[in-house]
Amino acid sequence: MTSKVEELVGEVEEALEKLVNASDSIFNASTTLDKKQAELSAKPVMREARSKVEMLNDELRRTEDAAVRSHYEKVCRAAEEKIRVLDAEIKKHVYAKHTKVALEKTHAERREEELLGPGGADGSGFQDSQQVLEAAVNVQKDMLVSLQRTEKVMIMTEETGQETLQALQRQTEQMYQVDEGLEELQGQLDRAGRDVRWFFRQLAGDKCFLSLFGILVVAMAVLMGVMIYKKRQAKKNAEK
């Protein structure tokens, strides 16, 4: 049992050493981003250290030797205290800069101080009327600059809107032209279809006429042949 306790004590000391090294990485980091990244790496190390201390406590509860238990319980309490102190120091180093940044003045507040000089927005802090007048002139000039900047932005926005409107009008006209072209093409296709149908109808009529004409020619040829044959027969009979 004692050997198991001593083994766990060695694991606790090793885990605490890793936690100290991880904490030093946070303390030595130069930027807030580096501190946060180091803190992320230190969190699993801290969980492991707490887990090792808890395992040692569990083992001590099963230890029957009161002297051994009393001795190593002090070791556990010291380890827990060290983890608590390191955790507090880590949070102090990582989040102290955020508190400082939160207390810094905003751009609007700094700009207000530049315009008002020694005075405040509520009128306090001015020593004489000259300071009040200078502050009023500064505020008026700043407002004029802001108005000019706003007017410039509005003009640019209007110009951009006009360009966009003209582009849309051009696209609309192009769409109308395309639509007219499609309608004209459809009309041409319809006319071509009608011409093709008329041609086939004419061709069919011509075929019928040619057929009738051919039959008539054949009939006349047969009739002439018959008449010639009869004349020849009549001539032969007359000679006899």
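The sequence shown: position 18 = 1215 (this note's numbering), numbered continuously. Every residue, glycine too, gets a C-beta built ideally from N, C-alpha and C. These numbers come from a predicted model, not from an experiment.
Answer with buried or exposed for Ile1223, where buried requires no fewer than 16 other C-beta atoms within 10 angstroms of its C-beta. Numbered from its first residue, the sequence shown carries residue 1223 at position 26. Its Cβ being crowded by 16 or more others within 10 Å, Ile1223 is buried.
As assigned by DSSP and simplified to three states, the class of Arg1388: For the purposes of this step, residue 1388 is taken as the residue at position 191 of the sequence shown. Per DSSP, reduced to three states, the secondary structure at Arg1388 is helical.
With H, G and I counted as helix, E and B as strand and the rest as coil, what does DSSP make of Arg1259? Numbered from its first residue, the sequence shown carries residue 1259 at position 62. DSSP places Arg1259 in coil when its eight states are reduced to three.
Under a three-way DSSP split, which group does Thr1228 fall into? As a first step, residue 1228 is located in the sequence shown; it is residue number 31 there, counting from the start. Thr1228 falls in the coil class under three-state DSSP.
Does DSSP classify Val1298 as helix, strand or coil? The residue you call residue 1298 lines up with position 101 of the sequence shown. Annotation note: pLDDT 44 at Val1298 (below 50); position unreliable, no value reported.
Could you check which residue in Ile1352, Ala1305 and Gln1374 has the C-alpha nearest to that of Val1336? Along the sequence shown, one-based indexing puts residue 1336 at 139. That would be Ala1305, whose Cα lies nearest to the Cα of Val1336.
6 Å Cβ shell around Cys1273 - same chain, five flanking residues per side excluded: In the sequence shown, residue 1273 corresponds to position 76, counting from 1. Annotation for Cys1273: Val1250, Leu1253 and Asn1254 place their beta carbon closer than 6 Å to its own, counting only its chain and skipping 5 residues before and after.
Take every Cβ of the region 1219-1234, pair it with every Cβ of the region 1267-1282, and state whether three or more of those distances are shorter than 8 Å. Note that the region 1219-1234 does not touch the region 1267-1282; fewer than 3 beta-carbon pairs, one per stretch, sit closer than 8 Å.
Restricting to Cα atoms, I'd like to know which of Arg1281, Tyr1292, Leu1205 and Val1217 is closest to Thr1229. Walking along the sequence shown from the start, residue 1229 turns up at place 32. The candidate whose alpha carbon is nearest that of Thr1229 is Tyr1292.
Which word fits Gln1374, buried or exposed, when buried means at least 16 other C-beta atoms lie within 10 angstroms of its C-beta? Locating residue 1374 in the sequence shown gives position 177, counting from the first residue. Flag for Gln1374 reads exposed.
Within its chain, find whatever has a CB closer than 7 Å to the CB of Arg1247; leave out the 5 residues flanking it on each side and keep chain order. As a first step, residue 1247 is located in the sequence shown; it is residue number 50 there, counting from the start. Correct list, in chain order: Ile1280.
Would you say Leu1213 and Ala1285 are within 8 Å of each other, going by their C-beta atoms? Locating residue 1213 in the sequence shown gives position 16, where the first residue counts as 1. Locating residue 1285 in the sequence shown gives position 88, where the first residue counts as 1. No Cβ-Cβ contact shorter than 8 Å links Leu1213 with Ala1285.
Contacts around Val1209, its chain only, beta-carbon distance under 6 Å, and the 5 residues preceding and following it disregarded: Numbered from 1 along the sequence shown, position 12 holds the residue referred to as residue 1209. These residues qualify, in order along the chain: Lys1249, Val1250, Leu1253 and Ala1276.
Take the Cβ of Ile1425 as the centre, count every other Cβ of all protein chains shown within 10 Å, and call the residue buried at 16 or more, exposed below. Here residue 1425 is taken as the residue at index 228 of the sequence shown, counted from 1. Looking at its Cβ environment, which holds fewer than 16 other Cβ atoms inside 10 Å, Ile1425 is exposed.
Assuming contact is defined by CB atoms lying nearer than 8 Å, are Glu1236 and Ile1287 in contact in what I supplied? Locating residue 1236 in the sequence shown gives position 39, where the first residue counts as 1. Locating residue 1287 in the sequence shown gives position 90, where the first residue counts as 1. Annotated as proximal: Glu1236 and Ile1287, with beta-carbon spacing under 8 Å.
Identify, in the order they occur along the chain, each residue of the same chain with its Cβ nearer than 8 Å to the Cβ of Lys1201, setting aside the five sequence neighbours on each side. The count along the sequence shown starts at 1 and reaches residue 1201 at position 4. Here the set comprises Glu1256.
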